[in-house]
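Undergrad:
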Amino acid sequence: MTAAMAQAQALAGQGHLSECRELLLDHLAHTPADAPALRLLGKVAFTLGDQGGGLSWLEQAAALEPDNSDIAYEIGVMRLGIGDPGGAVEAFRRVLEFCPDHDGGSFNLAWALRQTGALDAAVTQYQRLLERRPEQAAAWLNLGNILLEQARLEPAEAALRCGLAVAADDAGLLTSLAECLFRQGDADAAIASWRQALTVSPGHLAASCKLGSALASLHRPDEAVDIYEAALESHPDDTTLLYNLATTHVEARQTAPAQAVLQRLLAVAPRMALAWNAQGALHLNNGNPTVAEPALRQAVALDPTLAAAHNNLAKALTLAGQQDEARIHFSQALRLDPDNAAIHSNLLFLLRHLPNLDPDEVFAEHCRYGRHQQELAGPVPPFPSRAPGNRLRIGYVSPDFCDHAVTMFFEPVLDGHDREHFEIFCYHTSNRRDAVTQRLRQRAEHWRSIAHLSADAAAALIRADGIDVLVDLAGHTAGNGLPIFARKPAPIQATWLGYPGTTGLDRMDYRLTDLSVDDPESTARQHTERLAFLPCGAVFRPPVWSPDVIAPPCLDNGHVRFGSFNKLGKVNDEVMDTWAAILRQLPTARMLVVAPDADRPVVLERLYRDFTRRGVDPSRLDIRGLMGLAEFLDAVASVDIALDPFPYSGGSTSILTLWMGVALISMDGAEAHERTTSLLLRSVGAAELVATSTADYVGNAVALAGDKRRLVALRASLRPHLMVSTLLDETELVADLEGLYRQWCATGIGTA
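Per our numbering: the sequence shown = residues 122 to 873.
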């Protein structure tokens, strides 16, 4: 070693890097081919922040000593340091050419391969290293994490347990094992592992975030909050912890604490798009889409690639009645996140609401959803042979096992099932729970809360339950479980009640309906499912405490009052034009509008503006927001004539309107979602209220407003007609439904 090199090494060892660099540069000016000097200069320059220069000096040293594995290794580390994993892979491969058993080269080659996306090659490299060095806990951790990333859960668990056999108190291994167990559906074991990680490493960020998220998904928000707040004591400004805490409060509908945490988060990270998206989601959950909209627009502006923000903005716009712009943002969200089934369902649900769309175009989009989700799901394993003589196992899947309109139709079925021959399972895909949830849970033999499970894990659970017929009750409505059905966990699958159309899934065998809604010729071709017909497509159980029907209010008020009780998302420009035309022809008439968020200042202003520019004085309007069912029924009774939107007509709203004896003007249509109300009107002897054009719609409304005798007669007859209709015949409906289930299972149709 030269005197200059000895001095340079001494300076480097003492931390005098700048002086060391100057000495080496001077030395190399006279001795440019000194590989050790070039190597040391490269490392010193890199440490001082001259990454490009440092790498250049080191590569010059490597050119002089091409067989030096240590120099190649240092180049690989530098390449990783500057974010060049591809260059690092080349360097570490050279290391292993010279020294196949180089532990650092093997470990870092696997790491670099993972960074390039070559996951299979990284797995192979870690496995080779661990055959030689099974005591390397960090390698077991990285191997397990890659396998988790590939959704290879069983081998991931095995790798992580091998790591824990070496390092039982490693918080990283415990955290990753917990995630693996949770994704396999073993929530209890996962939570225990996360808690163990926090015991050995209090405040561990990854364990805190993962455990909190898991607890929140299990509808245990208070426990999740405790975990996040404990971690924040050690990391008070960590944006991930703050964000997770905020979203836990948001999803639990804990408005005040959610707002407080979001303000704290936005003070730390004012340009964090995720935080603005959470702010918008908070207002959406509270039924305030117009308050949510500015926050969501800010999120989209800050990060145009954030699919969740586009999706939430589209939901807010839909609820505010701005469907055209909503479609743009749903479509953009889907382009950004094409595998996201929920976003695709939101788009499909919106398309059902838009007027003048080609039904073939809408059907094609449903089919695209089905094809893509089934490709993601992969092949369907065969089903074991069913043991004869056992009770048929029927599974119902829904996010709406709560105080929701679907319950009015499902609860009679749940109550009426023949438990001697049918074993009933309910799979709840939402964390929303209330008194109705508890009531349904007590009546189902088996209750599974699966909101926290992946589609794969939920499908595995259902398959393990040995379900014979699995029934979807949501279609493409919010929180649906259609990705589970894409995996076909039951030999026979059907969709019913929640959505008036196809799911788009070839693996959905049937859609339950009736001949008044669908027919085997005209609408069957718009379905990927076979149509299965019931004499009555559903039964309705009215609230037991329903108020009595009262006389038309116009008899005392001296003027007719119209009413709209549907979401503003169903009220498009053509509907507004039609309603305004009615009010213009009847200058003394008034109108009540009840809809979520309708009483918000921004929405009020827009509705007033829309009616004004159509020639209707806003003083004739009474606009109200979200209300409970009892208040809603009183509001319905306070109008003389209700107006149904189109093309997406009312469903449960229309039934409740007729139940209160209120006449309802509706537009007929060709598809199921267009004619729900018109079919109801025909079934209760009020076919003359069904229109076939907007002019006809206006004419029917004006004529009825002028016929007090007819209004009185309808008030007296609508509820009695409903009471004797098949719509309230629970016994017959359940018998017919069980007959179909028996037939399907006997023939085996649907197993392909």
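Glycine residues also receive a C-beta, built at the ideal position from the N, C-alpha and C atoms.
Where do the ends of the alpha helix (DSSP H) carrying C866 lie?
TA: Start and end: E851 to T868.
Undergrad: Please go through the same chain and pick out, in chain order, the residues whose beta-carbon is closer than 6 angstroms to the beta-carbon of E414, but skip the five residues on each side of it.
TA: If we look at E414 and ignore the five residues flanking it on each side, its Cβ neighbours are A437.
Undergrad: According to DSSP, is L405 part of a helix, a strand, or is it coil?
TA: Helix.
Undergrad: Just mark P673 as buried or exposed, buried being the case when its beta carbon has 16 or more other beta carbons within 10 Å.
TA: When all chains shown are included, P673 counts as buried.
Undergrad: So, are the CB atoms of H474 and Y769 less than 8 angstroms apart?
TA: Against a cut-off of 8 angstroms, the Cβ pair of Y769 and H474 comes out as a contact.
Undergrad: Which residues does DSSP pair with D593 in a beta bridge?
TA: D593 pairs with V518 and T616.
Undergrad: Enumerate in chain order the residues of its own chain whose CB-to-CB distance from A702 is below 6 angstroms, with the five nearest sequence positions on each side excluded.
TA: Answer for A702: V819, listed in chain order.
Undergrad: From the DSSP output, in three-state form, read off I203 for me.
TA: Three-state result, I203: coil.
Undergrad: Could you compute how far the alpha carbon of R608 sits from the alpha carbon of L339?
TA: Roughly 23 angstroms separates the two Cα atoms.
Undergrad: Measure from the alpha carbon of N229 to the alpha carbon of each residue in A272, A150 and A212, then state which is nearest.
TA: When each option's Cα is compared against that of N229, the closest is A212.
Undergrad: From the DSSP output, which residues share a beta bridge with T439?
TA: T439 is not bridged to any residue.
Undergrad: Might you give, ordered along the chain, the residues of its own chain that have their beta carbon closer than 8 angstroms to the beta carbon of D460, omitting 5 neighbours on each side?
TA: Once the five neighbours on either side are set aside, the close Cβ partners of D460 are H493 and L497.
Undergrad: Beta-carbon separation of G587 and A793 under 8 angstroms?
TA: In this structure, A793 does not lie closer than 8 angstroms to G587 by Cβ.
Undergrad: Do you know whose CA, among D639, I583 and A611, lies nearest F504's CA?
TA: F504 has its Cα closest to that of A611, out of D639, I583 and A611.
Undergrad: Quick one: any contact between the region 709-724 and the region 796-813, if contact means 3 or more CB pairs under 8 angstroms?
TA: No: the two stretches stay apart, fewer than three of their Cβ pairs being nearer than 8 angstroms.
Undergrad: Exposed or buried, L146, counting other C-beta atoms within 10 Å across all chains shown (16 or more means buried)?
TA: Answer is exposed; the Cβ neighbour count stays below 16.
Undergrad: Quick check on the DSSP output: the alpha helix (DSSP H) that includes D536 runs from which residue to which?
TA: Residues A526 to G537.
Undergrad: Using alpha carbons as the reference points, say which of V833, A751 and L861 lies closest to F654.
TA: It is L861 whose Cα lies nearest to the Cα of F654.
Undergrad: Whose C-beta lies closer than 8 angstroms to the C-beta of L725 among residues of the same chain, with five residues either side of it excluded?
TA: Hits under 8 angstroms: A719 and I744.
Undergrad: By DSSP, does L800 sit in helix, in strand, or in coil?
TA: Note: L800 maps to helix in three-state DSSP.
Undergrad: What separation, rounded to the nearest whole angstrom, lies between the Cα atoms of R730 and R831?
TA: Spanning the two alpha carbons is a distance of roughly 33 angstroms.
Undergrad: Which residue wins for smallest C-alpha separation from C488, given the options G625, A345, V412 and Q380?
TA: Comparing Cα-Cα distances from C488 to each of G625, A345, V412 and Q380, the minimum goes to G625.
Undergrad: Is DSSP giving Y769 helix, strand or coil here?
TA: Coil at Y769, not helix or strand.
Undergrad: Taking CB distances under 8 angstroms as the criterion, tell me whether H450 reaches chain E.
TA: Looking at the structure shown, chain E is missing, and only one protein chain is on hand.
Undergrad: Nearest-angstrom Cα distance between A705 and E532?
TA: First, the amino acid is wrong: residue 705 is Arg here, not Ala. Distance between the alpha carbons of R705 and E532: 43 angstroms.
Undergrad: Could you tell me which residues DSSP pairs with W568 in its beta bridges?
TA: According to DSSP, W568 bridges with C547.
Undergrad: Which residues in the same chain as A572 place their Cβ atom closer than 6 angstroms to its Cβ, once the five residues preceding and following it in sequence are excluded?
TA: For A572, where only same-chain residues beyond five positions count, the Cβ hits under 6 angstroms are T550, S551 and N552.
Undergrad: Might you give, ordered along the chain, the residues of its own chain that have their beta carbon closer than 7 angstroms to the beta carbon of V660, omitting 5 neighbours on each side?
TA: Hits under 7 angstroms: F530, P533, L848, L849, D850, E851 and L854.
Undergrad: Output needed for L268: all residues of its chain with C-beta closer than 8 angstroms, excluding positions within five of it in sequence on either side, in chain order.
TA: Cβ within range, chain order: V244, L274, P276, A277 and A280.
Undergrad: In this structure, does DSSP put V715 in helix, strand or coil?
TA: Correct three-state label for V715: strand.
Undergrad: Quick one: give me the first and last residue of the beta strand (DSSP E) that R273 is part of.
TA: Run containing R273: none; DSSP gives neither H nor E here.
Undergrad: Kindly list the residues whose CB is nearer than 6 angstroms to the CB of A193, restricted to its own chain and excluding five residues on each side of it in sequence; keep chain order.
TA: Counting only Cβ-Cβ distances below 6 angstroms, and skipping sequence neighbours, we find A212, R215 and V216.
Undergrad: For S740, report the span of its beta strand (DSSP E) as first-last.
TA: Taken as a continuous stretch (DSSP letters only), S740 belongs to no beta strand (DSSP E), as it is neither H nor E.
Undergrad: Please return the same chain residues whose Cβ sits closer than 6 angstroms to the Cβ of T872, not counting the five positions on each side in sequence.
TA: Confidence is the limiting factor: at T872 the pLDDT is only 45, short of 50, which leaves the residue's position unreliable, though a coordinate-based value still follows. The answer, listed in chain order, is P612.
Undergrad: If we count Cβ pairs, one from each stretch, closer than 8 angstroms, do we get three or more for the region 734-744 versus the region 761-779?
TA: With the cut-off at 8 angstroms, the region 734-744 and the region 761-779 do not touch.
Undergrad: Do L179 and E195 have their CB atoms nearer than 8 angstroms?
TA: In contact: L179 and E195 (Cβ atoms closer than 8 angstroms).
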